[in-house]
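Quick note, the working numbering runs 2 ahead of the 1-based positions in the sequence shown.
Every residue, glycine too, gets a C-beta built ideally from N, C-alpha and C.
Since we're looking at a predicted model, the values are computed, not measured.
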Amino acid sequence: MNQNLSTVLICPGQGAQRAGGVTDLAESFDELPAEGQQAFRLASEIADCDLWRLGLSAEQADEARLRRPSLLQPFLVAWAVAEHAAVAPRVGPLSYVTGHS
Numbered sequence: 003m004n005q006n007l008s009t010v011l012i013c014p015g016q017g018a019q020r021a022g023g024v025t026d027l028a029e030s031f032d033e034l035p036a037e038g039q040q041a042f043r044l045a046s047e048i049a050d051c052d053l054w055r056l057g058l059s060a061e062q063a064d065e066a067r068l069r070r071p072s073l074l075q076p077f078l079v080a081w082a083v084a085e086h087a088a089v090a091p092r093v094g095p096l097s098y099v100t101g102h103s
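Structural data, given as structure tokens:
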């Protein structure tokens, strides 16, 4: 990795979610890294809902549920942590982290 380059993680905000939104993440890896699994477990406990399954669902009713801030906010944090855990071995340490909502 070129030491002169910076690695930036940009986390999505409200409106980035969609039905089946974590399907690409799930299909890209044989197994989600432990940090990503833990993030979804903790977020699901906070939300009192299985956010991983909700994110995998392509049902319109589940998409509407995911728009509720009480589910959406922990989902987005877990999604960002899981995405980072998945790519971290390839991109190395992060120089910056930012997000929007």
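Is the number of C-beta pairs between the segment 36-52 and the segment 64-84 that are closer than 8 Å three or more?
yes
Using only alpha-carbon positions, find the residue among P14, L58, D52, L68 that is nearest to G22.
Within the sequence shown, the letter at position 20 stands for residue 22. With distances taken between Cα atoms, G22 lies closest to L58.
Distance check for V99 and L56, CA to CA, integer angstroms please.
The residue given as residue 56 occupies position 54 in the sequence shown. The residue given as residue 99 occupies position 97 in the sequence shown. Between L56 and V99, the C-alpha separation is close to 26 Å.
Taking all protein chains shown into account, decide if P76 is buried (16 or more other Cβ within 10 angstroms of its Cβ) or exposed.
In the sequence shown, counting from the first residue as 1, residue 76 sits at position 74. The residue in question, P76, is buried, as its Cβ has 16 or more Cβ neighbours within 10 Å.
Measuring only the C-alpha atoms, how far is F42 from L7?
Numbered from its first residue, the sequence shown carries residue 42 at position 40. Numbered from its first residue, the sequence shown carries residue 7 at position 5. Computed Cα separation, rounded: 30 Å.
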